[in-house]
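Notes follow once the structure below has been shown.
Number of protein chains: 2
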Amino acid sequence: MEQIETAPLTRPRNHSLIKDPSKLVETYPSMPVTADCVIFGFEENQLKVLLIRSDLEAFKDKWSLLGDIVYDNEDLNDAAYRVLSQRTGMDNIFLEQVRTFGSPSRHPGGRVITVAYCSLLNIQHHQLKILDNELHWHNIENLADMAFDHQTIVDACYRWLQRRIQEHPLGFNLLPEKFSLRELQNLYEAILGLTLDRRNFRKKFFAMDFLVDMNEYEKDVPHRPGKLYKFDFAKYEKNKRKWFGIDF
Amino acid sequence: MEQIETAPLTRPRNHSLIKDPSKLVETYPSMPVTADCVIFGFEENQLKVLLIRSDLEAFKDKWSLLGDIVYDNEDLNDAAYRVLSQRTGMDNIFLEQVRTFGSPSRHPGGRVITVAYCSLLNIQHHQLKILDNELHWHNIENLADMAFDHQTIVDACYRWLQRRIQEHPLGFNLLPEKFSLRELQNLYEAILGLTLDRRNFRKKFFAMDFLVDMNEYEKDVPHRPGKLYKFDFAKYEKNKRKWFGIDF
DNA sequence: CCTATTTTGTGTAAAATTTACACATTGTTT
DNA sequence: AAACAATGTGTAAATTTTACACAAAATAGG
Chain A
113 MEQIETAPLT
123 RPRNHSLIKD
133 PSKLVETYPS
143 MPVTADCVIF
153 GFEENQLKVL
163 LIRSDLEAFK
173 DKWSLLGDIV
183 YDNEDLNDAA
193 YRVLSQRTGM
203 DNIFLEQVRT
213 FGSPSRHPGG
223 RVITVAYCSL
233 LNIQHHQLKI
243 LDNELHWHNI
253 ENLADMAFDH
263 QTIVDACYRW
273 LQRRIQEHPL
283 GFNLLPEKFS
293 LRELQNLYEA
303 ILGLTLDRRN
313 FRKKFFAMDF
323 LVDMNEYEKD
333 VPHRPGKLYK
343 FDFAKYEKNK
353 RKWFGIDF
Chain B
113 MEQIETAPLT
123 RPRNHSLIKD
133 PSKLVETYPS
143 MPVTADCVIF
153 GFEENQLKVL
163 LIRSDLEAFK
173 DKWSLLGDIV
183 YDNEDLNDAA
193 YRVLSQRTGM
203 DNIFLEQVRT
213 FGSPSRHPGG
223 RVITVAYCSL
233 LNIQHHQLKI
243 LDNELHWHNI
253 ENLADMAFDH
263 QTIVDACYRW
273 LQRRIQEHPL
283 GFNLLPEKFS
293 LRELQNLYEA
303 ILGLTLDRRN
313 FRKKFFAMDF
323 LVDMNEYEKD
333 VPHRPGKLYK
343 FDFAKYEKNK
353 RKWFGIDF
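Respectively, the protein sequence lines represent chains A and B. Here my numbering = 1-based position in the first sequence + 112. Here my numbering = 1-based position in the second sequence + 112.
Okay, here's the thing in structure tokens:
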């Protein structure tokens, strides 16, 4: 019991310290590591994922996440950002690591570890590179027959997103800079798979006090246009700490 | 715009499919991957982390997480479990992946990716291996001067735990099978760094209906002994889905 | 231009949940 | 037996969440 309570002050010298850690690390088995991005977008009131055709014969005609290898001296996040900006041409995109997948059999070419990232962007800002018709926005509901273990990865990121948007107002990353409250509500309803009360929804978001009234209105809608707002990211960043749940 | 709406039905054959994925994977840069476990315990009303002396000269007298390399054909979770059972001799321990750390400079011996796991166990069941005096339970508050980026990893896992025990009743993994409500409350208070109202705390946990009254009482306490309960893990697993927050 | 249609924008009362709070009971120590 | 220390319990007030309806704004169609 004594050992549990107090740390030994000096190291017992029955085995010696490693002087050259490089030699040690060289003996470790090593394996390729990739970063895969689950890129979410929102359009036509549906949550979408950006996918690409697999370029492996083994996965012919199947869809795959956007990903790439992590280079020798590259940080994991940097690799994910690189994938993102190469594929979308966009910058300053929301990106967060979700989980790492490493089943030895997940890649037909041998063992490959992949670190999965979740990314949220506004589809409107993205029209350039999409003309590469190997890329496609898929409705999250209709995914089928994906390459590798990518279905599992998408599922994990989707659940992650559902939980996360109830704790932090991440959803704004999926919307245009100016949006109506109806669009915001549609977004939450689509992601959570619920229908929400309009008045209570508005009350809740106004109470959070992160919406800036633009004094503009929707255009080209076949009905009374709604007011447009933007999300005050800066204000949110400052008050982040206080948060713990939006609770629908 | 058309491309956004509908997927191309047939693949344009301007570039060919890869027939031998192994050849491709062989060209990838590869790196060692390790699994590091942040093993939490609870004793004397304090949250503790199990650490070991670093065996690297560069980190002489610093403390390090328990970890090991991931073997060539080993699943990530399996590697983490292996670390856990080798070091603690325990089985069936709560273990969950938290995040992967991969800064190119995090290991002095070269690039090593580590997948961090959070593990919760009952310190009482663990007395055998602790006699190795290179292992020590550290108070979470007094960590200082850890090897590698392990302080960052511990911090991340601690925050993860704080959030997680408010969403799921994981705390029970840290307690003996039979415990009093006071012990349970102490646990939550220690992890969250709050003091909670005793009556409301009890009300909340009874309402969850996962506590089984053992009809036994604490022994050897210098005051009125409290009733002992156990947590009904099976019942919880069945009703898991319904959960979303304990909310203190 | 008038009417029908659609969607926005707003407040309140009821229900549910969370919080604050005190005293009698049980067992130990001296 | 008296002092001490912690358990165990209920209720009222405050807060939060829910349910719900109607007038106003703009468009579309005749």
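Virtual Cβ for every residue (Gly too), placed ideally from N, Cα, C.
Using the rule of at least 16 other Cβ atoms within 10 Å of the residue's Cβ for burial, across every protein chain shown, is A:Val224 buried or exposed?
buried
From the DSSP output, in three-state form, read off A:Asn157 for me.
coil
Whose CA, out of B:Asn189, B:Ser197, B:Gln297, B:Ile205, lies closest to the CA of A:Pro216?
B:Asn189
Every unbroken alpha helix (DSSP H) within the region 175-217 of chain A, with a cutoff of 4 residues, ordered by chain:
188-200
Helix or strand or just coil, what does DSSP make of A:Thr307?
coil
Integer Cβ distance of B:Glu279 from B:Leu287, believed to fall under 8 Å
18 Å between Cβ atoms; not a contact.
Short check: CB of B:Tyr329 to CB of B:Lys342, under 8 Å?
no
With 8 Å set as the bound, which would you pick, yes or no: does the beta-carbon of A:Arg223 sit closer than that to a beta-carbon of chain B?
yes
Starting from A:Tyr348, trace the beta strand (DSSP E) both ways and give me its first and last residue.
First-last for A:Tyr348: 345-351, but that is the alpha helix (DSSP H), not the beta strand (DSSP E).
Closest by C-alpha distance to B:Ala228, when choosing among B:Val150, B:Asp325, B:Ala302
B:Val150
So that I know if they touch, is there some Cβ in chain B lying closer than 8 Å to that of A:Ile116?
Low confidence applies here, because A:Ile116 scores a pLDDT of 38, under 50, leaving its location unreliable; read the following figure in that light. Chain B contact via Cβ: present.
Between the Cα of A:Ala192 and those of A:Pro133, A:Glu186, A:Ser166, A:Ala147, spot the shortest distance and give me the residue it belongs to.
A:Ala147
Any chain B beta carbon closer than 8 Å to A:His219
yes
What is the rounded straight-line gap between the Cα of B:Tyr140 and the Cα of A:Gly283?
35 Å
Is it buried or exposed, A:Pro334, if we count other Cβ atoms within 10 angstroms and call 16 or more buried?
exposed
In whole angstroms, what is the alpha-carbon distance linking B:Pro133 and A:Gly222?
8 Å
Rounding to the nearest angstrom, what Cα-Cα distance links A:Ala260 and A:Gln239 in this structure?
A small correction: the amino acid at residue 260 of chain A is Phe; Ala does not occupy that position in the sequence shown. Cα to Cα, the separation comes out at about 27 Å.
Proximal residues to B:Leu159 (C-beta, below 7 Å), its chain only, five neighbours per side dropped:
Phe152, Ile252, Ala302, Ile303
CB-CB under 7 Å to B:Lys174, same chain, minus the five flanking residues each way: which ones, in chain order?
Ser166, Asp257, Met258, Ala259
When you compare the CB of A:Thr212 with every CB in chain B, is at least one pair closer than 8 Å?
yes
Taking only the alpha-carbon atoms, compute the straight-line gap between B:His219 and A:Leu136 and give it to the nearest angstrom.
11 Å
Closer than 7 Å to a non-hydrogen atom of the ligand FMN - does that hold for the CB of A:Lys290?
In the structure on display, the ligand FMN does not appear, and there are no ligands present to speak of.
Please classify A:Glu117: does DSSP put it in a helix, a strand, or coil?
Annotation note: pLDDT 41 at A:Glu117 (below 50); position unreliable, no value reported.
Where the alpha helix (DSSP H) through B:Thr139 begins and ends:
Looking at the DSSP string, B:Thr139 is not in any alpha helix (DSSP H), and its letter there is neither H nor E.
Report all residues from its chain with a CB closer than 8 Å to the CB of A:Thr122; omit the five preceding and five following residues, and keep chain order.
Here A:Thr122 scores only 48 on pLDDT, less than 50, and its place in the model is too uncertain to base an answer on.
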